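A.B. asks: Let me give you the structure first, and then I'll get to my questions.
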Amino acid sequence: MRLSVPAGGPEGSAAKSVRRVWLSQAGALPPASGSPGKALRYALAAIALTLPAAAFARPGEVNAHEFYVAAQGLLAKGPAAVFDSRREPLTAQFRDAVETVRAENAAAGGRGRGLYCIPEEERREGMSVRFIMDQLAAIPEPERRTMTLRSAWRRILMRNYPCR
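Positions 3 to 166 (my numbering) are the ones given, in order, by the sequence shown.
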């Protein structure tokens, strides 16, 4: 960054403030009190406090009902859903929930008894989107509204594939 120095030399007050700003931006000096840096920190803190907690939640911690409603809307689009911008975030949210519950099941299995046991034949086939949506729909709406996607998925697997 180049600065032009006024004709009066570097001793002028304008040149000192410009030099101080330049040096603070370069990291050589801390910003002066009352400077834009301090105001920016307060503005960012205010914005962060007004954001909903869901904005900071992990993808798998999305509300199960909100996920269900968004996925239903996506399914209603049919083949055009491939081009919908909501598809990738919903897929990532569900994938995170699946991986987290799978890790919980592996940890429980290591302690002696898994949370759920999917038969090998069904594991190879996989689960259809229709099955997943039907299982989410089977959870009563008032309960689904209070659950995370992860806890709903855990409940679905434990109900459909109990370990015997």
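The C-beta atom is built at its ideal place from N, Cα and C for all residues, glycine as well.
Computed from a predicted structure; not experimentally measured.
#1: Cβ of Ile134 within 9 Å of Cβ of Arg157?
#2: If you draw a straight line from the alpha carbon of Glu145 to that of Ala105, how long is it in whole angstroms?
#3: Which parts of the region 113-148 are runs of the alpha helix (DSSP H), unbroken and 4 residues or longer, counting only runs that do not cross its ends?
#4: Leu159 and Phe69: beta carbons closer than 9 Å?
#5: List the whole-angstrom C-beta distance separating Leu151 from Gln95, where the pair is believed to meet the contact cut-off of C-beta under 8 Å.
#6: Less than 8 Å between C-beta atoms, sequence neighbours within five positions excluded: which residues of the same chain meet that for Glu143?
#7: Under three-state DSSP, which class holds Val71?
#8: Quick one: give me the first and last residue of the alpha helix (DSSP H) that Asn162 is part of.
#9: Who are Asn65's beta bridge partners in DSSP?
#10: Are the CB atoms of Pro164 and Cys119 nearer to each other than 9 Å?
#11: Taking only three categories from DSSP, how would you classify Asp98?
#12: Taking buried to mean at least 16 other C-beta atoms within 10 Å of its own C-beta, is Gly116 buried or exposed?
#13: How big is the Cα-Cα spacing for Met129 and Ala154?
#14: In three-state terms, what does DSSP make of Arg88?
#15: What's the C-alpha gap between Val131 and Gly80?
C.D. replies: Reading it off the structure:
#1: Here residue 134 refers to the residue found at position 132 of the sequence shown. Here residue 157 refers to the residue found at position 155 of the sequence shown. Taking 9 Å as the Cβ cut-off, Ile134 and Arg157 do not qualify as a contacting pair.
#2: On the sequence shown, position 143 is the one that residue 145 refers to. On the sequence shown, position 103 is the one that residue 105 refers to. Distance between the alpha carbons of Glu145 and Ala105: 24 Å.
#3: Correct list: 122-127, 131-140 and 143-148.
#4: As a working mapping, residue 159 is identified with position 157 in the sequence shown. As a working mapping, residue 69 is identified with position 67 in the sequence shown. Contact flag unset, no.
#5: If you number the sequence shown from 1, residue 151 lands on position 149. If you number the sequence shown from 1, residue 95 lands on position 93. About 6 Å separates the beta carbons of Leu151 and Gln95, which is inside the 8 Å limit, making them a contact pair.
#6: Here residue 143 is taken as the residue at index 141 of the sequence shown, counted from 1. Same-chain partners within the cutoff: His67.
#7: Taking the first residue of the sequence shown as position 1, residue 71 is located at position 69. Reduced to three states, the DSSP call for Val71 is helix.
#8: In the sequence shown, residue 162 corresponds to position 160, counting from 1. Looking at the DSSP string, the run of the alpha helix (DSSP H) that includes Asn162 is Leu151 to Asn162.
#9: Working through the sequence shown from its first residue, we reach residue 65 at position 63. Its beta-bridge partners are Thr150.
#10: Your numbering for residue 164 matches position 162 in the sequence shown. Your numbering for residue 119 matches position 117 in the sequence shown. Yes. Within cutoff.
#11: Locating residue 98 in the sequence shown gives position 96, where the first residue counts as 1. In this structure, Asp98 counts as helix in the three-state DSSP scheme.
#12: The residue given as residue 116 occupies position 114 in the sequence shown. So Gly116 counts as buried.
#13: Translated into the one-based positions of the sequence shown, residue 129 becomes position 127. Translated into the one-based positions of the sequence shown, residue 154 becomes position 152. The alpha-carbon atoms of Met129 and Ala154 are separated by roughly 16 Å.
#14: One-based indexing of the sequence shown puts residue 88 at position 86. Arg88 falls in the coil class under three-state DSSP.
#15: Within the sequence shown, numbered from 1, the residue matching residue 131 stands at position 129. Within the sequence shown, numbered from 1, the residue matching residue 80 stands at position 78. Their backbone Cα atoms lie some 12 Å apart in a straight line.
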